[in-house]
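Here's the structure we're looking at; comments come further down.
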Amino acid sequence: MAKRWADQPFALIKETGILSRKDIPPDHPAVAMAQQMALSHNVILRGMNASFNQCLGVQPGTTEAHDFLLFNQCLFEILQQHHDVEETYMFGEIERLTKIDGIMDQNMQEHKDFHDGLERFRKYVFKTAAGDYDGQTLKAMLEGFGKIVEKHLHNEIPSLLELKDYDVTGLKRISKEAGKKFASAGDKYRHVPLFVGCSDRTFIFDGQNMPFPPLPFFVPYIIRFLFEPRHAGSWRFNPCDSFGQPRPLGFLNPEG
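Counting in full-length UniProt numbering, the sequence shown runs without a single skipped number right up to 256 at its last residue.
Here it is, written out as structure tokens:
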């Protein structure tokens with residue numbers, strides 16, 4: 001039996017749906033927007049899975065507990081920043097582009113649906129001392145809001161693909177600016193190592209290998225030797241190495 005990894009229990013997004021959509025040119029910017037969003041969502045899902053599948057393998061009062069709590073702090077921050085950019089920039093720009101009031105309201109509502117559960121998670125991982133860490137408590141929190149987050153992250157992709165009927169130049173502008181905002185929101189010492197460490201660059205998406213995030217060959221070395229050392233212990237929980245290559249989870253929950 002294969003060991004559990006960061007592809008469950010929260011399902012990864014494997015396609016945008018473009019392969020069955022003959023009405024959408026494959027080079028349309030709506031396709032690229034949906035693909036990049038799905039791949040970034042998979043980073044979040046892998047992070048949640050890595051936390052879920054290792055939370056019982058971490059013992060209270062240890063350096064591992066301290067590092068694991070920080071790992072989860074960074075996971076929360078990445079998820080929160082991602083949705084902040086969507087709410088403060090991206091959704092409004094899409095509404096202005098399409099001239100359809102409330103076109104992204106369903107996505108906004110889904111953010112609200114998991115807000116309370118995510119807030120409980122935030123308080124726990126930021127306020128709990130290593131000596132008070134309890135894996136069952138964290139697991140219950142992830143079970144509580146995780147499936148709602150999973151549903152939302154999957155649902156958002158088809159809505160972006162349906163922007164195929166709108167101004168190409170406008171879509172490119174929104175996508176480019178959103179990408180800049182996502183990138184600038186992160187902390188290079190807390191978020192970059194986790195983001196890359198949850199980005200499986202071997203993943204087959206839309207029927208092909210689409211390494212994400214796209215990085216010059218030397219950037220992983222910068223991440224490994226400059227950004228990772230400050231919180232090195234926390235990246236032990238990443239499901240991939242500094243180069244986005246999958247590796248076994250180091251603190252798997254006990255069986256049974």
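Here a beta-carbon is modelled for each residue, glycine too, at the ideal position from N, C-alpha and C.
- The stretch 133 to 151 makes contact with the stretch 50 to 66; the number of CB pairs closer than 8 Å reaches 3 or more.
- Annotated as distal: L142 and F68, with beta-carbon spacing of 9 Å or more.
- For the beta strand (DSSP E) assignment, the stretch 24 to 94 encloses no uninterrupted run of at least 3 residues.
- If you check the CB distance, L39 and F212 come in under 9 Å.
- In summary, T63 is exposed, with fewer than 16 beta-carbon neighbours lying within 10 Å of its beta-carbon over all protein chains present.
- The bridge partners DSSP lists for P246 are C240.
- Note that the C-beta distance between I100 and I174 is not below 9 Å.
- Note that the stretch 20 to 40 does not touch the stretch 219 to 233; fewer than 3 beta-carbon pairs, one per stretch, sit closer than 8 Å.
- Relative to H154, the option among H231, F10, W5 whose CA is nearest is F10.
- Taking the C-beta atoms as reference points, E110 is found nearer than 9 Å to K151.
- Comparing alpha-carbon positions, the option among I148, M104, T128, K127 lying closest to D113 turns out to be I148.
- Of the residues assessed, E228 falls on the buried side of the cut-off, its CB having 16 or more other CB atoms within 10 angstroms.
- Under the three-state reduction of DSSP, I100 is assigned to coil, being neither helix nor strand.
- In this structure, the beta-carbon distance from S199 to V43 falls below 9 Å.
- For the 9 Å CB-CB criterion, L97 and L45 do not form a contact.
- Judged by DSSP in its simplified three-state form, F205 adopts strand.
- Measuring C-alpha to C-alpha distances from H82 to each of F237, F195, W5, I103 identifies F195 as the nearest.
- Residue range 135 to 161 is occupied by the alpha helix (DSSP H) that includes K151.
- L70 places its beta carbon 9 Å or farther from that of G186.
- Shown here, R4 sits in coil according to DSSP, grouped into three states, outside any helix or strand.
- By the CB criterion at 9 Å, R247 and P254 fall outside the cutoff.
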